[in-house]
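Same order as they appear, the protein sequences are chains A and B. Mapping of the first sequence onto the numbering used here: residues 28 to 766, in sequence order. Mapping of the second sequence onto the numbering used here: residues 1201 to 1266, in sequence order. Backbone N, C-alpha and C define an ideal beta-carbon position, used for all residues, glycine too.
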Amino acid sequence: MIAEAICDWRRLEWPKWIFVLRTFLAVCAALWIAFRLGFTSPSTAMTTVFIVSLPQAGQVLAKSFYRTIGTLAGAAVAILLIGNVVQDRNLFILLLAAWLGICTTGAAYFRGFQAYAFVLSGYTASIIALPALAQPQAVFDIALFRVSEVMLGIFCAGVFADLLLPNRVTDQLIKAVREGYASFIGYLQQARDGHLELAAFEESNLAFITRAIDFEGLRESGYFENPEIRVRSARLRLYNAEFMNVGTAFYGFYAMLGRRRRAGDDAIVEAFRALSDPLLMALQPGGRPPANAAQARRVLSDLREFRGQLPQRLNATHFEVDAATRAAGKEFPEIRFDTVARQFDRFLEALTRVTEAYAALDQLGAKLPHRVAPFFPHTETFGALMMGLRAFLTVLLVAGFWIASAWPAGASATIIAGVICALFAAAPKPAVAARNLLYGFIIAMPAAGFLLFGVLPHLDGFVLLCAALAPFAMASVYAMATPSIAGIGLGFNLLFANLVGISNVVDYDPIGFFNNGIAQILGVITGLLMLTAIMPVEPRWFASRMRRQLRRNAELACRAPLIGLRARFESRTRDSLVQLVSRADRSRGEHLPQLAHALAVLDLGDAIIHLRRAARDAGRLFPAPLLKTLLHSILLLLHRPSPSKRADALAAVEVAIALQPDIYQLPSAVIRTVIGDRPIHAIDDPLWRVATDLMRIRGILNDEPWFAEMVRTLDADRGRQIADELAKESVREDASDAA
Amino acid sequence: MPREIAIYGVLLPTLLPILIGVAACYWLLDTTLGRFGFYQRVWHPPLFRLSLFICLFVGVAWLLQQ
């Protein structure tokens, strides 16, 4: 009992306390050096330590790197502004607000640490330029001290994070590679055993996508933490891209099997299930998935062998299914079998490539197995521009009030209101995050007042100063390490460090203290109000934009140049998908239809890219106008989904299928190689690929559930209109069936 | 070594440009060492890397002071 409690504490609380201790020591070190070097406001160094302190060493270094960039850019802009337009106060405010707007747009558009660099450049520009407005000749000094203090804070935080009982991203990254691969195999096994309901299948698919996106974040942090990760960065990226690919390929395969099952082709489903047994054996030598690159190499050779024998295996399966269906008195759906076979082969190819990327992870010098486009998660442009506009308006509003009312502490309020808009531009729930920050600010004010006027006057010397800071700093850092109250901790630290404003020359100014504190709290409140009042990120609006984005990605698959398209399409779609699903209400199962819809769009885009590639390889054998018409009709469908557009797209697919030469009637030399008297599937033949890809697109377009979801998401009026259309169509279908 | 240097009339602490230059060189050196697997032979890589950086920084500053 007690042992268990200790174990729990060790697992959950111990890392937090280590983090608290590390951060506190870094704060003390930063303060001490800042005092020694005679910086004007050591509290900036202290704030920096608080802000860049994240649980893992790599995260600290990555955030520090981007903070440096943001600070330098912001300082440069501040000097430019002061240098050129300081005479005209209104123009100055307007330009500063515009710069904050631009930075907020960037912060909303990018994700992760890059977004942070944008926040910082906007923040730094205002924090240097606004105080310099009254004394323009001091702008260089202010900028220089600001940059130096930030650098000092970064240095101290980085050294302590990397040296004092560090928690390394590298370890987590290695674990993520191993567990990602193993759980994917587990998922294949479950799918094979038939334990997966469709919803559960889609859930796990989502889990893989989230994993891939988190992995990118880990890789970015690891890049700064460990030179070994840095030199492997391209390899890790390759692994991740292939990991995403194999997920899509398997989704396509599994969805296709589902469609075959619904169409009553059980023989095909069973045949492929039997075919995957030896594959699963190869993936788990000795019943366990590979745990490192060396074991992955062994699996890789087995996989290659399996794929080498695939034509023979498919051939044997083909005959079995053929015999079984004929015995049951039905016609053997050869093209349908081949369509599934093609997707199975594609899945195998993706599996081989991800294993190849895994096996290459332990090599330093050798060349990459193949190149890969960078993963680039970002928000859609329009939404980001709106966020920028909102920040611009917020700053103008607060600054306007400041100028009109000659408010002495107006500058602080302006800065903070702008920061709130930039910092939470891309947050899933901006209002909640801003409210937490506000609570932190409200708690910080009396605490800072107590320390500043009640405790510090009685103390003398650096050690006592640290001792006095300790309870406040440690409590707030502990809050920062606890996810549910992290925002409060951060808010507390920001205002606390600012208000206490420790410096070599102590300046007791209660009036300034209150003015400043109240101004900053008012600034947060204004920012919060703007976040909720102007263009709030309403979940439904956001979801509809994200779905639009998903369809746009699939449109991209129809018309962008083929080179590098695959990776671009994959990473973009996954990013939109995760954003869409992460904001849906999971407890009510809201995310499931959306997920199904998103995965189907991903599948459709994937099929289109494959078709376009096959058509390219087929050259003149597949007429270009045919492909063009087909892609155009799908584009129209994606642009504004409606049943009639879907009917058009399906008709175009049917025409293309009908105009294709019957691949089974072509001279056997083109389509099949005959060994003995058994035909072997010519998996690489372009015409065969075109035919099977067309079948696949037809299957996806014909799938009811995701289309229904796509329609449901259009606005209510349109939705009703479409529902009528659907009803009419089903009547027509019934009539034609009767005829 | 002067405590501050003037760049276009702006006084900068001399250590700042040195720090930036050394950081760039260090980054290159660090990546090269990682590339050839040097850190696999070091007892405590983070400590080694910090010491390397300090040696470079202090060394360059000291040499310039001579």
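query, result
"With 8 Å as the threshold, decide whether the Cβ of Y1239 (chain B) is near any Cβ in chain A.", "yes"
"Assign T382 (chain A) to one of three DSSP states: helix, strand, or coil.", "helix"
"Where does P1217 (chain B) sit, in a helix, a strand or coil, going by DSSP?", "helix"
"Ordered along the chain, which non-local residues of its own chain (more than five positions away) have a Cβ less than 7 Å from that of R300 (chain A)?", "R219"
"Is it true that the stretch 372–384 of chain A meets the stretch 427–442 of chain A, where meeting means three or more beta-carbon pairs spaced less than 8 Å apart?", "no"
"My parser needs the alpha helix (DSSP H) runs of 4 or more residues fully inside the stretch 144–230 of chain A; what are they?", "166–190, 196–220"
"Consider the Cβ of P193 (chain A): report whether some Cβ of chain B lies at a distance smaller than 8 Å.", "yes"
"Kindly list the residues whose CB is nearer than 8 Å to the CB of V1242 (chain B), restricted to its own chain and excluding five residues on each side of it in sequence; keep chain order.", "F1248"
"Along chain B, in chain order, which residues have C-beta atoms closer than 9 Å to that of R257 (chain A)?", "D1230, T1231, G1234, R1235"
"Is the Cβ-Cβ distance between G782 (chain A) and R264 (chain A) less than 8 Å?", "No information on residue 782 (chain A) is available, as it lies outside the stretch 28 to 766 that chain A covers here."
"Is any beta-carbon of chain A found at less than 8 Å from that of Y1210 (chain B)?", "Here residue 1210 (chain B) turns out to be Val, not Tyr, going by the sequence shown. V1210 (chain B) counts as touching chain A."
"If we define contact as Cβ-Cβ less than 8 Å, is P828 (chain A) a contact residue for chain B?", "No answer is possible for residue 828 (chain A): it lies beyond the span of chain A, which begins at 28 and ends at 766."
"Here's a check: name, in chain order, each residue in its chain whose Cβ is nearer than 7 Å to the Cβ of F280 (chain A), leaving out the five neighbours to either side.", "Q370, F371, F374"
"Verify whether the separation of the beta carbon atoms of L388 (chain A) and Y266 (chain A) is less than 8 Å.", "yes"
"Which of the three DSSP states, helix, strand or coil, is assigned to E582 (chain A)?", "helix"
"To which residues of the same chain is R705 (chain A) closer than 6 Å at the C-beta, ignoring the five residues directly before and after it?", "Residue placement at R705 (chain A) cannot be trusted, given a pLDDT of 43 that sits under 50; what the coordinates show is reported in the next sentence. Hits under 6 Å: N342."
"Within 10 angstroms of its Cβ, does D536 (chain A) collect 16 or more other Cβ (buried), or is it exposed?", "exposed"
"For a quick check, are the C-beta atoms of G554 (chain A) and C448 (chain A) less than 8 Å apart?", "yes"
"Interface residues of chain D around F167 (chain A) at Cβ under 7 Å?", "Included in the structure are the protein chains A and B, with no chain D among them."
"Just checking, does the stretch 542–561 of chain A make contact with the stretch 496–512 of chain A on the three C-beta pairs under 8 Å criterion?", "no"
"Helix, strand or coil: how does DSSP classify L1264 (chain B) here?", "helix"
"Output needed for P360 (chain A): all residues of its chain with C-beta closer than 7 Å, excluding positions within five of it in sequence on either side, in chain order.", "D292"
"Pick helix, strand or coil for A436 (chain A), following the three-state DSSP scheme.", "coil"
"Give the straight-line distance between the Cα atoms of A718 (chain A) and V608 (chain A), rounded to the nearest whole angstrom.", "34 Å"
"Could you tell me which chain B residues have their CB closer than 8 Å to the CB of L190 (chain A), listed as they occur along the chain?", "P1246, L1247, L1250"
"Residues in its own chain within less than 6 Å of I120 (chain A) by CB, not counting five upstream and five downstream?", "A426"
"Check this for me: beta carbons of T50 (chain A) and V504 (chain A), under 8 Å apart or not?", "yes"
"If you draw a straight line from the C-alpha of F242 (chain A) to the C-alpha of D329 (chain A), how long is it?", "27 Å"
"Can you name the start and end residues of the beta strand (DSSP E) that I1207 (chain B) belongs to?", "1204–1207"
"What in chain B is Cβ-close to P254 (chain A), meaning under 7 Å?", "D1230, T1231, L1233, G1234, Y1239"
"What would DSSP say about L1212 (chain B), mapped onto helix, strand or coil?", "strand"
"I'd like the list of long-range same chain contacts for I33 (chain A), defined as Cβ closer than 8 Å, with 5 residues on each side in sequence excluded.", "none"
"Give the list of continuous beta strand (DSSP E) stretches no shorter than 3 residues that lie fully inside the stretch 619–668 of chain A.", "none"
"In its own chain, which residues sit with a C-beta less than 8 Å from the C-beta of P20 (chain A), not counting the 5 before and 5 after it?", "Examination of residue 20 (chain A) is not possible in this model, given that chain A is present from 28 through 766 alone."
"Could you check if C183 (chain A) is buried or exposed, using at least 16 other CB atoms within 10 Å of its CB as the buried criterion?", "buried"
"According to DSSP, is H1244 (chain B) part of a helix, a strand, or is it coil?", "coil"
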